[in-house]
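To keep things clear, I will list the structure first and then write my remarks on it.
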Amino acid sequence: MNFDVITIGAAVRDVYVQSKDFIVEERGTNTIPEACFVLGGKLEVEAPYFSSGGGATNAAATFAHLGLKTSCIAKIGADDTGRDIINDLRTHGVHTNLLISTDKEQTGYSTLLTTNDGRRTALVYRGASASVQAKELPWERMTCKWLYLSSLNGDLGLLKKIFAHAATNDIHVTWNPGSASLKQGLNKLAPLLRRTDILSLNREEAAQLTRLAPSDLRTIIKRLNEHVGGAVVITDGNHGAYASNGGETFFAFPGNIAPTNTTGAGDAFGSAFTAGMIVFQDPIMAIRLATINAESVIQKVGAKNGILDRMPGSRRLGQIRVEPYTL
């Protein structure tokens with residue numbers, strides 16, 4: 001079976017827990033906000049919300065919603081949680097024939113403690129999703145036009161084999177590397193970055209990869225352009241997003257959106273940008289589509305609830321303001 005896109009990465013069960021008793025403290029302008037709880041206390045929470053999560057499943061749902069034939073490769077346990085993920089993916093129109101199932105490990109699980117303004121802290125048990133091995137991938141059935149790679153637990157050997165498969169079969173690659181890969185740095189990842197068609201990161205991740213200060217955004221983009229073979233996409237939360245291919249760089253202005261939940265925003269943006277490039281072959285249209293999808297996602301609880309139901313029309317896309325950005 002030939003697919004437009006196959007996503008590869010994590011599949012976990014997400015449970016969202018929200019409470020007015022979660023207190024956020026900001027101790028200074030240069031410190032990271034902290035969520036505070038009374039040790040040994042008991043907090044009342046709102047009704048928990050359960051859904052599938054993980055970069056591979058979140059991205060796959062966006063591709064499928066936007067009309068692209070999509071399958072997902074991720075490792076799950078042969079348990080009730082794994083079956084819930086399969087069923088959830090199917091409700092989003094994602095093919096599940098390439099999922100890897102094991103009875104030796106449990107499906108990954110993530111508890112997301114969410115504040116009233118949408119920020120969250122994730123307690124993550126990666127489970128089976130952290131142990132994908134090259135011999136488990138269905139190589140002969142990985143026939144597609146695009147691969148969308150998310151976190152693979154920093155397994156450089158596996159990544160090299162996936163990129164080699166893509167090169168041999170003329171498959172385009174979007175890469176949203178996880179923290180374990182980012183820690184390896186530009187020099188170690190350079191051979192893979194040169195073969196990446198779209199690199200999708202947030203501002204902090206881009207700074208980590210380049211070993212530059214997050215405030216030095218122009219230098220970050222220039223440095224990434226020197227290493228990435230295709231486009232570089234950087235999201236900056238409620239400050240907008242950037243897309244650059246070395247020759248041109250664009251900035252998409254954010255909408256005036258009050259987030260309910262920020263989980264899955266990066267997956268929503270990177271996958272929708274890729275879908276936009278597949279459909280329109282135009283970075284301006286792609287960053288508009290990505291902005292609309294990400295802003296829709298952050299208005300709902302769960303990483304998939306707010307995903308666009310269909311490709312928006314030209315009028316809606318044109319409402320997103322995009323301007324050239326000078327490096």
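Counted from 1, the sequence shown has number 108 at position 108 by UniProt numbering; the numbering is strictly sequential.
Beta carbons: idealized from backbone N, C-alpha and C, even for Gly.
Mind checking which residues open and close the beta strand (DSSP E) that includes Lys145? Translated into positions along the sequence shown, residue 145 becomes position 145. Unbroken beta strand (DSSP E) run through Lys145: Cys144 to Leu149.
Looking at the secondary structure, which residues open and close the alpha helix (DSSP H) in which Asp80 lies? Here the question's residue 80 lines up with position 80 in the sequence shown. It spans Asp80 to Thr91 - the alpha helix (DSSP H) in which Asp80 sits, taken as one unbroken run.
Neighbourhood of Ala190 by C-beta, 7 Å cutoff - its chain only, sequence neighbours within 5 removed: Numbered from its first residue, the sequence shown carries residue 190 at position 190. Only His227 meet the Cβ criterion.
Per DSSP, the bridge partner or partners of Asp14: The residue you call residue 14 lines up with position 14 of the sequence shown. Asp14 is bridged to Ser51 and Ser110.
What does the alpha-carbon distance come out to for the pair Leu317 and Arg310? Within the sequence shown, numbered from 1, the residue matching residue 317 stands at position 317. Within the sequence shown, numbered from 1, the residue matching residue 310 stands at position 310. Each residue's alpha carbon lies about 12 Å from the other.
Validate contact between the region 301–308 and the region 240–254 using beta carbons, cut 8 Å, 3 pairs: no
Note down, in chain order, each residue of its chain lying with its Cβ closer than 6 Å to the Cβ of residue 333, except the 5 sequence neighbours on either side. Because the chain is modelled from 1 through 327, residue 333 falls outside the range shown and cannot be assessed.
DSSP three-state assignment for Asn202, whether helix, strand or coil: Residue 202 sits at position 202 when you count from the first residue of the sequence shown. Of the three classes helix, strand and coil, the one that applies to Asn202 here is strand, per DSSP.
Apart from the five residues just before and just after His95, which ones in its own chain have a Cβ nearer than 6 Å to its Cβ? By one-based count along the sequence shown, residue 95 stands at place 95. Counting only Cβ-Cβ distances below 6 Å, and skipping sequence neighbours, we find Ser71.
Local conformation of Pro312 per DSSP, three classes: One-based indexing of the sequence shown puts residue 312 at position 312. The answer is coil: DSSP assigns Pro312 none of H, G, I, E or B.
Please go through the same chain and pick out, in chain order, the residues whose beta-carbon is closer than 8 Å to the beta-carbon of Arg90, but skip the five residues on each side of it. Residue numbering aside, residue 90 sits at position 90 when the sequence shown is read from its first letter. The residues are Thr96.
Any 3 or more C-beta pairs closer than 8 Å across the region 136–143 and the region 110–121: no
Burial state of Pro324, where buried means 16 or more other Cβ atoms lie within 10 Å: For this step, residue 324 is matched to residue 324 along the sequence shown. Pro324 should be labelled exposed.
Tell me which same chain residues have a C-beta within less than 7 Å of the C-beta of Ser19, skipping the five on either side of it? For the purposes of this step, residue 19 is taken as residue 19 along the sequence shown, with counting starting at 1. Excluding residues within five positions, the ones whose Cβ falls inside 7 Å are Leu43, Glu44, Val45 and Glu46.
On the three-state DSSP scale, how would you describe Ala252? For the purposes of this step, residue 252 is identified with residue 252 of the sequence shown, where counting begins at 1. Strand.
For Ala252, tell me which candidate among Arg288, Asn225 and Thr274 has the shortest Cα-Cα distance. Residue mapping note: residue 252 aligns to position 252 of the sequence shown, counting from 1. When each option's Cα is compared against that of Ala252, the closest is Arg288.
CB contact flag (Gly229, Asp197, <8 Å): Numbered from its first residue, the sequence shown carries residue 229 at position 229. Numbered from its first residue, the sequence shown carries residue 197 at position 197. Yes; because the gap between Cβ atoms is below 8 Å, this pair is in contact.
Check whether Ala231 and Pro283 have beta carbons under 8 Å apart: Indexing the sequence shown from 1 puts residue 231 at position 231. Indexing the sequence shown from 1 puts residue 283 at position 283. Yes, Cβ-Cβ distance for Ala231 and Pro283 is below 8 Å.
Using only CA atoms, which one of Thr143, Ser179 and Val233 lies nearest to His172? Against the sequence shown, residue 172 aligns to sequence position 172. That would be Thr143, whose Cα lies nearest to the Cα of His172.
Does the Cβ-Cβ distance between Ser129 and Ala10 come in under 8 Å? Translated into the one-based positions of the sequence shown, residue 129 becomes position 129. Translated into the one-based positions of the sequence shown, residue 10 becomes position 10. Going by C-beta atoms, Ser129 is nearer than 8 Å to Ala10.
Range of the contiguous alpha helix (DSSP H) that encloses Asp267: Residue mapping note: residue 267 aligns to position 267 of the sequence shown, counting from 1. Its alpha helix (DSSP H) spans residues Ala265 to Phe280.
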